[in-house]
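**Student:**
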């Protein structure tokens, strides 16, 4: 009867652990890249809105005249 030694099982578990860590890191980096892209697009949109608001008439100044 053949009894497998503990060494191949340990190697298999180590390969599994390494592979799992790799995919976790890959998923983390992908999520981080998506967040950075979202942040860049929001920042660009806010900058455009600010430029538009700077060109608008300042109605608040009319109500606060002293």
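Residue numbers (this note's numbering): 33 to 98.
Ideal Cβ placement from N, Cα and C applies to all residues, glycine included.
Note that the coordinates shown come from a computational prediction; the quantities given were computed from them, not determined experimentally.
Helix or strand or just coil, what does DSSP make of residue 88?
**Tutor:** Residue state, collapsed to three classes: coil.
**Student:** Between the alpha carbons of residue 47 and residue 59, how many angstroms are there, rounded?
**Tutor:** Computed Cα separation, rounded: 18 Å.
**Student:** Does DSSP put residue 68 in a helix, a strand or coil?
**Tutor:** Note: residue 68 maps to helix in three-state DSSP.
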